[in-house]
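Written out below as structure tokens is the structure these notes cover.
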Amino acid sequence: MPLPVSPTGRSLPWPTPGLAFGGDYNPEQWPEEVWAEDVRLMQEAGVTIVTVGVFSWGALEVADGEFDFGWLDRVIALLHEGGIAVDLATPTASPPIWLHQAHREILPVSRTGERYWQGGRLGWCPSSAVFRAHALRIVRELARRYGEHPAVRMWHVSNELGGGNRLCYCDESAAHFRRWLDERYGTVAALNEAWGTAFWGHQYTDFAQVLPPRDSESTPNPGLVLDFDRFSSDALLEHYLAERDALREVTPDIPVTTNFMVAQGPGVVDYAGWAPHVDVLANDHYSLSVDPNREQELAFSGDRMRGLDVTRPWLVMEHSTSAVNWQSRNRSKAPGELVRNSLTHVARGADGAMFFQWRASTAGAEQFHSAMLPHAGTRTKVWRDVCELGRILGALAELRGTLVERPQVAILIDDQAGWSWNSGQKPHHDLAPSHAAREYHRALWERGVTADVVPPHAPLHGYRLIVVPALFLADDRAAAAVSAAAHAGATVVVTYLSGIVDETDRVRAGGYPGAFRELLGVFVEEFFVLLDEEQLSLDNGWRATTWSEWVHADAAEVVARYADGPLKGHPAITRRAVGEGDGAGAAWYVSARLDHRSLGALTDDILIASGVRPTVPVAAGLEAVRRVGETGSYLFAINHSGEELRVPASGQDLVSGSRADGTLVLAPGGVAVLREDA
Ligand code: GLA
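Heads up, the sequence shown is in our numbering, so the first residue is 886 and it goes up one at a time.
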């Protein structure tokens, strides 16, 4: 599958001939003697591309307008001689000290009005004109100097935009926010209506009176908070686009990327809104040591990344070879885990696997973060696994451009809905916006069913099963699309906390879940939040925690009722047949948060009802995903268990080089990628 078309009308090339393999390379941290060894070891590991210069502004522009490109010239030449491609970063994630000293006003301001200090990274306000001018100057210098260099195959704009400077409350941001509001609402009356400012008598009479949601020692207006989140994403996007366009002016045919942080969300920016502007969609993913289901979380993030645009491959730009340094306890990876983790990303549509970072730093903020080349050198588990991964990715080169076999299930997720749930006071304050998406995904993952985790405005045509998990905010367009899919024959499962507010963050009155009430044939009169230790039984033996609701099944059949507590006898799960004949779909409503076992039982039921089948018959611990394309059909089989697993499949295993005829035998912790027999 091609990347988007460049401004000159050419299909942009993927940066490497096969799959991308490498990581952030920060040679400026090392004496030049080390560089030759770096390139030699990169070759030994099978590295094909490295990201250079992410944090090197201070080393490239040593004083205002004074550039030193000599070292970067030499590094890029060395990499090129070694056959390693360069993903050249604009260094704007980390302004130099001289810039902060000269222009302290570029630093972001906190909610309480304090300006941050130099010494961190992303230390800049997205609306700062002074910062923008300095950033674009270095970007243009880089584009002109290296745009023609044959090693440079991709531009990497800044780094994790928003990861440190997501919200700036300074006066310049406030003025920018007001311009954004003026464009969105046109009149102050429309703004007052959207935010419901009659509450507490906070009507504005002029846009000039509006401020960001700065600390008032009270609860801010949730509509204001949500719009400030949206504005902040747009302000950062404006900056990204300014850098991208400066690069494109000089090198229109080099793809541009920037690294997202699509995990459990909501994102620091609205990634669905950003995706169309990024040529190579790239993600940074780090597992949490405390997450007992981290393999599934990894799959969830891959499915979410792919869901931003199911027609294109994406790239895992950063993950870790072993422990990170920023969690409370930083867990190391077991032997082989690095390979399984990377292949999970590739199985789910990544055309490569890259890491932070190439050589472990001995100094600086990340001196205890793992790397491809650890402090201890090459006589290490990490290095062996890195080399093994390089070998495997080399053997999978023919997969580049294939796509994940079209999933039959879509799970809806939305950064804006997440921000909305997080804005202001809510009925429950310890529920992550994406908890339900994660739980339904986990139930499907355990059953070997691959799902696209997609934004609500993604095309829903063709999915047999659509899950709408606690999608707190749903606009009319999203609600209509879900309804249309059910009428076209899909099974739709909507959970509690969905469609509660519209796009202005206003509650949809008349009974929850407002946006989906008609489709589901139910109305909810009140939420019944459960305390941490509370549980409820349903009359079919299932159990609920955390959340329950007083449901009226006006035009739906009751699948299960609450069996105890104040809601005893009331519907808990309902189903409404939608449409007729072959195109008949169904709309289920699940008003409670089910425990894991009960959610599994519900998932079995809805898989049968929708006719969705797993990729291959599943065994506990097996992750199986198929990619397909012109070169063939490829079955990824990843054994997360400590047992040998047998998978019914036939084909050539590109990992081991051996054949499977009818049964693929996977060693404990083993991986295989079968080019399946036609
Ligand atoms: C992010 C950043 C990297 C590094 C890693 C550490 O992904 O982009 O520069 O700080 O986190 O995990």
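We put the beta carbon where it would ideally sit given N, CA and C, even for glycine.
T1488: first and last residue of the uninterrupted beta strand (DSSP E) it sits in:
No beta strand (DSSP E) holds T1488; the alpha helix (DSSP H) holding it covers 1481 to 1495.
List the endpoints of the continuous alpha helix (DSSP H) containing N1077.
Segment 1073 to 1080, the alpha helix (DSSP H) holding N1077.
Is the distance from the Cβ of G967 to the Cβ of L1278 below 8 Å?
Judged by their CB atoms, G967 and L1278 are not nearer to each other than the 8 Å cut-off.
Confirm the yes/no value for this check: CB of N1044, any heavy atom of the ligand GLA, distance under 7 Å.
N1044 has its Cβ nearer than 7 Å to a heavy atom of the ligand GLA.
Going by C-alpha distance, which of A1438, V1532, D1490, R1063 is nearest Y1397?
The shortest C-alpha separation from Y1397 is found at A1438.
Quick one, which of R1482, G1384, Y1031, D1114 has its alpha-carbon nearest R996's?
When only C-alpha atoms are compared, the closest one is D1114.
Three or more C-beta pairs under 8 Å: does that hold for the segment 1309 to 1318 against the segment 938 to 956?
Contact between the segment 1309 to 1318 and the segment 938 to 956 is absent, because fewer than three Cβ pairs lie under 8 Å.
Determine, using beta-carbon pairs with one atom in the segment 1257 to 1268 and one in the segment 1293 to 1311, whether at least three such pairs fall under 8 Å.
Contact between the segment 1257 to 1268 and the segment 1293 to 1311 is absent, because fewer than three Cβ pairs lie under 8 Å.
If you draw a straight line from the alpha carbon of A1079 to that of S1103, how long is it in whole angstroms?
Rounded to whole angstroms, the separation of the alpha carbons of S1103 and A1079 is 20 Å.
Spatial neighbours of W964 within its chain, please: CB distance less than 7 Å, with the 5 preceding and 5 following residues excluded, ordered by chain position.
A small correction: the amino acid at residue 964 is Leu; Trp does not occupy that position in the sequence shown. Cβ within range, chain order: V924, V935, V971, A1036.
Taking the CB atoms as reference points, tell me whether W956 and A974 lie closer together than 8 Å.
Between W956 and A974, the C-beta spacing is not below 8 Å.
Which residues in the same chain as V1209 place their Cβ atom closer than 6 Å to its Cβ, once the five residues preceding and following it in sequence are excluded?
When the five nearest sequence neighbours on each side are left out, the beta carbons in the same chain lying within less than 6 Å of the beta carbon of V1209 are those of Y1171, N1215, H1254, in order along the chain.
Please classify R1511: does DSSP put it in a helix, a strand, or coil?
Secondary structure at R1511: strand, using DSSP grouped into helix, strand and coil.
In terms of alpha-carbon separation, which member of F1357, D1270, A1235 lies closest to D1169?
Cα-wise, what sits closest to D1169 is A1235.
Best match in M1039, G1108, A1083, L1066 for proximity to N1144 [C-alpha to C-alpha]
Shortest Cα-Cα distance from N1144 to any of M1039, G1108, A1083, L1066 involves M1039.
Would you mind working out which of A1083, A1074, M1146, G1047 sits nearest E1123, comparing C-alpha positions?
The option with the nearest alpha carbon to E1123 is G1047.
What runs of the beta strand (DSSP E), each 3 residues or longer, lie entirely inside the segment 1020 to 1079?
Counting whole runs of 3 or more residues, the segment 1020 to 1079 contains the beta strand (DSSP E) stretches 1037 to 1041.
Beta-carbon spacing of A1238, V1289 below 8 Å
Not closer than 8 Å, so no.
Is D949 helix, strand or coil when you go by DSSP?
Here D949 sits in coil by DSSP.
If you count every other CB in all the chains shown that lies within 10 Å of the CB of R1362, and 16 or more means buried, which is it?
R1362 comes out exposed.
Please determine whether the Cβ atom of S1041 lies at a distance below 7 Å from any heavy atom of the ligand GLA.
Residue identity differs from the one stated: residue 1041 is His in this sequence, not Ser. Annotation for H1041 indicates a beta carbon at 7 Å or more from all heavy atoms of the ligand GLA.
Reference L897; option with closest CA among P1198, P981, R1225:
The shortest C-alpha separation from L897 is found at P1198.
Using DSSP's beta-bridge definition, name the partner residues of F1521.
Beta-bridge pairing links F1521 to V1510, V1558.
If you draw a straight line from the C-alpha of G1454 to the C-alpha of L1421, how long is it?
The straight-line gap from Cα to Cα measures roughly 12 Å.
Measure from the alpha carbon of I1298 to the alpha carbon of each residue in P1341, V1386, F1185, then state which is nearest.
Among P1341, V1386, F1185, the Cα nearest to that of I1298 is on P1341.
Using 7 Å as the cut-off, classify the Cβ of Y1171 as near or not near the heavy atoms of the ligand GLA, replying yes or no.
Indeed, a heavy atom of the ligand GLA lies less than 7 Å from the Cβ.
Could you name the residues that DSSP lists as bridge partners for L1551?
BP columns for L1551 point to L1530.
Would you call the segment 1321 to 1328 and the segment 1120 to 1135 in contact, with 3 or more CB pairs under 8 Å?
No, the segment 1321 to 1328 does not touch the segment 1120 to 1135.
Extent of the continuous alpha helix (DSSP H) run through V1224:
Where V1224 is concerned, the enclosing alpha helix (DSSP H) stretches over 1222 to 1232.
Residues near P1107 in its chain [Cβ-Cβ closer than 6 Å; skip 5 each side]:
The answer, listed in chain order, is S1308, G1309, D1390.
Check whether the segment 1490 to 1504 and the segment 1264 to 1274 touch, using three or more Cβ-Cβ pairs below 8 Å as the test.
No: the two stretches stay apart, fewer than three of their Cβ pairs being nearer than 8 Å.
Buried/exposed call for H856, threshold 16 Cβ in 10 Å
There is simply no residue 856 to check, as the chain begins at 886 and stops at 1563 in what is shown.
Smallest Cα separation from R1029: which of L1193, P1344, P1137, R1531?
Answer by Cα proximity: P1137.
Check whether the Cβ of N1215 sits closer than 7 Å to any heavy atom of the ligand GLA, and report yes or no.
False, no ligand heavy atom lies under 7 Å from that Cβ.
Member of G1333, G1008, V1540 whose CA lies at the smallest distance from the CA of A830:
Missing from the structure shown is residue 830; the chain here goes from 886 to 1563 and no further.
Beta carbon of R1332 nearer than 8 Å to that of P1502
Against a cut-off of 8 Å, the Cβ pair of P1502 and R1332 comes out as no contact.
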